[in-house]
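The structure under discussion appears below in the form of structure tokens.
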Amino acid sequence: MSPLIALNLSLILLLPWYLVLGIVYWRTRRKPASAAQRLFDAASLLCALVCAAASGWWSMHNADPAAGAIWKQVLASLIGYGAFLLVLAAAFALRRMRG
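Take the sequence shown: its letter number 71 is residue 71 in the numbering used here, and every next letter is one higher.
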């Protein structure tokens, strides 16, 4: 497997699920959104994806090499997914507080 694909495999495998969660986040607004609100939502989704990728890369480089290649991927997937959910939950809470 290509090293570039191996580094991004956890992100590639979870992209469809991130898309589903992103659509759910985008459509949960109760009233029609203004341009600023849509920009906030788009920035939040982009930030969540960037954080998922960055945390996945970080965990791939910092995982225990003795654990084996598959466990590095599992750790990267779990950490990336947690980062994605954390950013979306924070954005959802901020969106609710702002009204």
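Note that the Cβ used here is the ideal one computed from N, Cα and C, for glycine as well.
Less than 8 Å divides the Cβ of Ser10 from the Cβ of Ala76.
Its chain contains Val87 as the residues whose beta carbon lies nearer than 7 Å to that of Cys47, once the 5 sequence neighbours on both sides are disregarded; these appear in chain order. Secondary structure of Ser34 (DSSP, three-state): coil.
Nearest C-alpha to Ile12 among Pro32, Val24, Leu49 and Ala36: Leu49.
Nearest to Gly22 by alpha-carbon distance, out of Met60, Ala54, Ala43 and Met97, is Ala43.
With distances taken between CA atoms, Arg95 lies nearest to Arg27 out of Tyr81, Arg27, Ala6 and Ala63. When C-alpha distances from Asn8 are compared across Ala54, Trp17, Ala89 and Val20, the shortest belongs to Ala54.
Closest by C-alpha distance to Tyr18, out of Ala63, Leu85, Ala91 and Arg38, is Leu85.
Counting every other CB atom within 10 Å of its CB across the protein chains shown gives Ala52 a total of 16 or more, marking it as buried. Per the coordinates, the alpha-carbon of Trp71 lies some 44 Å from the alpha-carbon of Pro32.
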